[in-house]
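Working notes for the structure below.
Written out as structure tokens, the structure reads:
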């Protein structure tokens with residue numbers, strides 16, 4: 001199969017021939033229909049995840065199950081699925097305590113996809129979907145309504161789910177809440193869309209780019225703040241009668257944005273970190289501030305989602321016209337256009353480029 005790999009740190013990606021084995025026990029081969037270009041794929045290329053090169057990139061994907069291995073009963077050939085990177089085990093201590101969204105022992109395919117010379121590939125987030133067909137664990141396949149646009153559905157596999165889940169699952173945003181979202185890329189705008197979906201009365205979008213702030217309004221932001229020209233904490237307090245918002249979601253993941261989130265929330269409010277920091281980042285703050293302000297400080301990993309519960313529901317809401325997932329798709333591209341898509345992402349020109357096969 002033709003697939004996109006990152007061979008060495010920082011070098012341009014390549015479209016090469018990849019050997020995809022027949023599915024073994026518990027595995028499935030999925031014909032990829034569409035796959036979003038996520039910032040995590042760029043992190044892999046830059047060596048920001050690990051150094052297990054070469055990587056088979058791509059993970060925000062939807063497609064059709066083509067074949068399954070022995071013992072697979074959850075999906076069958078012909079099923080339209082979204083791929084997820086948290087196939088829960090059902091046996092670890094989190095699963096047994098009724099918290100499968102926190103599963104500590106998620107599944108991936110046991111076999112490796114390889115280059116034609118036998119070199120094993122590391123699939124991005126255990127998926128590797130910038131390819132015509134990919135091999136995954138069957139638990140990574142979540143069936144959804146096949147009438148949805150695959151380019152839209154695939155985005156639920158990572159960034160959009162992370163943002164919606166950060167608001168609803170982790171942050172517990174509900175009707176009449178006030179919410180601020182710092183960082184209005186794909187994840188931040190998804191958090192805004194999720195907050196609007198559940199009826200938040202005031203949704204404040206924060207970014208340094210006016211274009212991104214305009215995008216945020218399309219997903220439900222009621223107010224916008226340009227952090228390049230305005231004090232974020234003061235502006236959020238002014239918009240909330242001096243109190244701060246009930247929930248602040250940091251979709252950037254830097255010490256300075258986290259501090260803004262911390263001080264921009266109401267007393268006993270909630271901070272949700274969904275932006276991914278780098279390992280070298282440090283946070284220094286007075287400990288008394290943590291004690292005196294109360295509330296909750298949370299991190300959100302994959303939006304604390306349970307794919308088999310959340311993916312079908314969100315697809316149905318989209319098909320009902322209640323969740324504008326189609327607005328995340330900025331452009332549709334081919335396998336050979338991914339390097340250019342990375343450059344557009346870096347410049348902030350797109351929410352999502354989506355590879356359509």
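Residue numbers (full-length UniProt numbering): 1 to 357.
The beta-carbon is built from N, C-alpha and C at its ideal position, and this holds for glycine as well.
All values derive from a computational prediction rather than experimental measurement.
Check: Given 8 Å, three or more beta-carbon pairs between the stretch 248-267 and the stretch 173-187; Outcome: yes
Check: Test item: CB-CB of residue 264 and residue 244 under 8 Å; Outcome: yes
Check: Three-way DSSP call (helix, strand, coil) for residue 344 in this model; Outcome: helix
Check: Residues sharing a beta bridge with residue 35, DSSP; Outcome: 61, 355
Check: Assigned exposure category for residue 123 - 16 Cβ within 10 Å defines buried; Outcome: buried
Check: Segments of 3+ residues assigned as beta strand (DSSP E) that fall wholly inside the stretch 261-343; Outcome: 265-273, 296-299, 329-333
Check: Touch test, the stretch 159-167 against the stretch 139-146, Cβ-Cβ under 8 Å, three pairs minimum; Outcome: no
Check: Whole-Å CB distance - residue 101 paired with residue 305, under 8 Å assumed; Outcome: 6 Å
Check: Beta-carbon contacts of residue 248 that lie in its chain and below 6 Å, excluding the five residues immediately before and after; Outcome: 180, 261, 264, 265, 271
Check: Residue range of the alpha helix (DSSP H) that includes residue 135; Outcome: Not the alpha helix (DSSP H): residue 135 falls in the beta strand (DSSP E), residues 133-137.
Check: Spatially closest choice to residue 314 from 134, 163, 90, 238, by CA coordinates; Outcome: 163
Check: Runs of beta strand (DSSP E) lying entirely within the UniProt domain "Cytochrome c" (21-135), each at least 3 residues, in chain order; Outcome: 27-36, 60-68, 80-83
Check: Continuous beta strand (DSSP E) assignments of at least 3 residues falling wholly in the stretch 155-234; Outcome: 178-182, 202-207, 223-226
Check: Heavy atom of the ligand COA within 7 Å of residue 149 beta-carbon; Outcome: Of the ligands one can find in the structure shown there are none, so the ligand COA has no counterpart to examine.
Check: Within 8 Å, strictly: CB atoms of residue 443 and residue 151; Outcome: Since the displayed the chain opens at 1 and closes at 357, residue 443 lies outside it and no answer follows.
Check: Same chain only: Cβ atoms within 7 Å of residue 66, ignoring 5 sequence neighbours per side; Outcome: 29, 30, 31, 77, 133
Check: Boundaries of the alpha helix (DSSP H) in which residue 148 is found, first to last residue; Outcome: Note, residue 148: premise wrong, no alpha helix (DSSP H); not H, not E.
Check: The stretch 280-293 contacting the stretch 183-195, beta-carbon criterion three pairs below 8 Å; Outcome: no
Check: Whether residue 20 touches residue 58 by CB criterion (8 Å); Outcome: no
Check: Expected contact under 8 Å - CB spacing of residue 113 and residue 18 to nearest Å; Outcome: 6 Å
Check: Backbone CA spacing between residue 363 and residue 274 [nearest angstrom]; Outcome: This structure does not reach residue 363, given that the chain is present from 1 up to 357, and the question cannot be answered.
Check: Rounded distance between the beta-carbons of residue 82 and residue 154, thought under 8 Å; Outcome: 6 Å
Check: Continuous beta strand (DSSP E) stretch holding residue 241: start and end; Outcome: Neither: residue 241 is in no beta strand (DSSP E) and is coded neither H nor E.
Check: Limits of the beta strand (DSSP E) - the one that residue 4 falls within; Outcome: 2-6
Check: Residue 340 burial status per 10 Å Cβ neighbour count (16 or more: buried); Outcome: exposed
Check: Exposed unless 16 or more other CB atoms sit within 10 angstroms - verdict on residue 318; Outcome: buried
Check: Beta-carbon proximity list for residue 126, same chain, < 6 Å, skipping 5 on both sides; Outcome: 85, 108
Check: Nearest candidate by alpha-carbon position, reference residue 8, set 49, 55, 240; Outcome: 55
Check: Selection from 267, 310, 131, 307 that minimises the alpha carbon distance to residue 294; Outcome: 267
Check: Residue 16, enclosing beta strand (DSSP E) - first and last residue; Outcome: 14-19
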